[in-house]
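A.B. asks:
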Amino acid sequence: MSNKNVSIIIVDDMQFSRVVVQAALKKAGFSNIRVASSAQQALSMMDENHADVVLADWVMPEMDGLELTDIIRQRDEEQGVYTAIILFTAQEGIEPLVEAFNRGVDDYISKPPNPHELAARVNAAARIA
4 MSNKNVSIII
14 VDDMQFSRVV
24 VQAALKKAGF
34 SNIRVASSAQ
44 QALSMMDENH
54 ADVVLADWVM
64 PEMDGLELTD
74 IIRQRDEEQG
84 VYTAIILFTA
94 QEGIEPLVEA
104 FNRGVDDYIS
114 KPPNPHELAA
124 RVNAAARIA
């Protein structure tokens with residue numbers, strides 16, 4: 004799947020983070036990018052059009068990245084599709100990451116993301132989506 008064909012949703016309650024991530028992905032050649040300021044907004048976007056990859060902040064008000072993951076995994080199963088999920092995190096230690104992987108997260112990236120690492124991880128995630 005070429006970068007231009009990968010459908011991405013960036014979910015972060017911080018506008019600055021959304022802008023930085025979107026700019027890095029555009030620079031890497033991704034063009035099908037939608038941005039959401041909340042998990043609920045991202046789910047509404049996914050109701051309209053499936054996303055290959057969701058990049059979500061782990062810590063957000065109202066619904067965090069793990070709760071979003073739970074809902075996406077349930078919907079994926081019902082719809083017979085797969086959405087790759089990458090969480091942005093400042094979490095330290097292995098236990099939170101193990102929980103995230105057990106709940107269906109495919110990958111994580113530390114904040115602030117390195118643009119080259121971000122593009123590589125999105126490309127890898129798109130291969131499994």
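Heads up, the working numbering is the position in the sequence shown plus 3, with the first residue counted as 1. Here a beta-carbon is modelled for each residue, glycine too, at the ideal position from N, C-alpha and C. Predicted model only: the values in this text are computed from it and were never measured.
PHE91 and LEU46 look like a contact to me (Cβ under 8 Å); what is the Cβ gap, rounded to whole Å?
C.D. replies: What you label residue 91 is simply residue 88 of the sequence shown in a count that begins at 1. What you label residue 46 is simply residue 43 of the sequence shown in a count that begins at 1. Wrong, their Cβ atoms sit about 18 Å apart, outside the cutoff.
A.B. asks: Just curious, the alpha helix (DSSP H) that ALA39 is in, first and last residue?
C.D. replies: On the sequence shown, position 36 is the one that residue 39 refers to. Careful: ALA39 lies outside any alpha helix (DSSP H), inside the beta strand (DSSP E) at 35-39.
A.B. asks: Shorter than 8 Å from the beta carbon of PRO64 to some beta carbon of chain C?
C.D. replies: Judged by its chain identifiers, the structure shown contains no chain C, having just a single protein chain.
A.B. asks: Determine which residues share a DSSP beta bridge with TYR85 and list them.
C.D. replies: By 1-based counting over the sequence shown, the position of residue 85 is 82. Answer is none; TYR85 lacks a bridge partner.
A.B. asks: Pull the bridge partners of ILE75 from the DSSP assignment, please.
C.D. replies: Taking the first residue of the sequence shown as 1, we reach residue 75 at position 72. Beta-bridge analysis with DSSP links ILE75 to no other residue.
A.B. asks: For ARG110, list the residues DSSP reports as bridge partners.
C.D. replies: Along the sequence shown, read from residue 1 onward, the residue named residue 110 stands at position 107. Inspection of the sequence shows that residue 110 is occupied by Asp rather than by Arg. Looking at the DSSP assignment, ASP110 forms a beta bridge with ILE89.
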